[in-house]
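Counting in the numbering used here, the sequence shown runs from 139 upward without gaps. Beta carbons: idealized from backbone N, C-alpha and C, even for Gly. None of the values given here were measured: they were computed from a predicted structure. Right, one structure below, let's go through it.
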Amino acid sequence: MLKRLYLRDVGDEYTGDSRRVRTGLLYRSSGINRLRADERNQLRELRLRHIIDLREPAIAARWPDPIIAETATQLPVGMGILETVKVGDVLRRRVDFHKLAHSGLYADVLESNADSVRRFFNSLLDHPTPALVHCTAGKDRTGMLVSVLYAALGVPRQRIIDSYMAIMPHLEQHFPSTIKWLVRAFDGPPLAYSVIPHYIERMLDCIEEKHGGADGYFQSIGFGRLDSLRAMFLG
């Protein structure tokens, strides 16, 4: 089903105390804007009721999602200074991608998007399920927020990392080869077309070291419904 789309149920993971994350509540995917009519019909078979689009507004407006669910939320998560890179500067090799895509990038994105992260989790509680969250490739912004959800639920660290990395075979097969070639040709960071564990590890380190764990992190962003979130996903 939908081989071109990275589509996964976020459920069926287990917490450190052996509770199972409920299935059928939240799906994650890569971008759905380029699906063919037959693929859109296949996606509708999930009977999704809410779509959460994490792409930046200009991209979402240029390549809008098809109408798949009853409701949709535009919830842009900014990737920081990476979004300011201009094509001309790339072609002239004026961009130090490796400095921009430093190992603490995800941690920085998480900290600078506190409002969007809070709104994401409120959206999960305030809208009907099942829901689908996606960005463009389905790996960075989506992977980060799903990882934060797992941390909140008590999924062990290594399982969070493994889940984040699970998209890699899909990227190897379906990530646009032209873009991958251009990134390599202009010495861009491998993160542009793949997933690398130390990015998500540094983000998880930030949650633990700066905030003392998931509870402290959610308190820092003003999200006071953690018990409700856990009840929703763990029963």
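Could you give the residue range of the beta strand (DSSP E) that holds residue i?
i, result
"S167", "164 to 167"
Expressed to the nearest angstrom, what Euclidean distance is found between the alpha-carbon atoms of residue i and residue j?
i, j, result
"S254", "V286", "13 angstroms"
"P268", "D203", "17 angstroms"
"T209", "G169", "17 angstroms"
"R158", "R368", "11 angstroms"
"K348", "A330", "27 angstroms"
"V223", "R166", "Its pLDDT being 42, under 50, V223 is placed unreliably by the model, and the measurement read from it follows with that caveat. V223 and R166: Cα-Cα distance of roughly 27 angstroms."
"E310", "L143", "13 angstroms"
"D343", "S261", "26 angstroms"
"D353", "L364", "8 angstroms"
"P266", "A207", "10 angstroms"
"R182", "M370", "23 angstroms"
Where DSSP assigns a beta bridge to residue i, which residues make up the other side?
i, result
"L270", "Y165, I189"
"T209", "H188"
"Y152", "R158"
Helix, strand or coil for residue i, going by three-state DSSP, please let me know.
i, result
"L283", "helix"
"D264", "helix"
"Y144", "coil"
"R158", "strand"
"I197", "helix"
"D278", "coil"
"F258", "helix"
Hey, could you find the ends of the alpha helix (DSSP H) residue i is sitting in?
i, result
"F371", "364 to 372"
"R182", "175 to 182"
"P204", "Run containing P204: none; DSSP gives neither H nor E here."
"D246", "243 to 250"
| Which whole runs of the alpha helix (DSSP H) in the stretch 295 to 356 are 4 residues long or more, in chain order? | 295 to 303, 306 to 312, 315 to 323, 335 to 349
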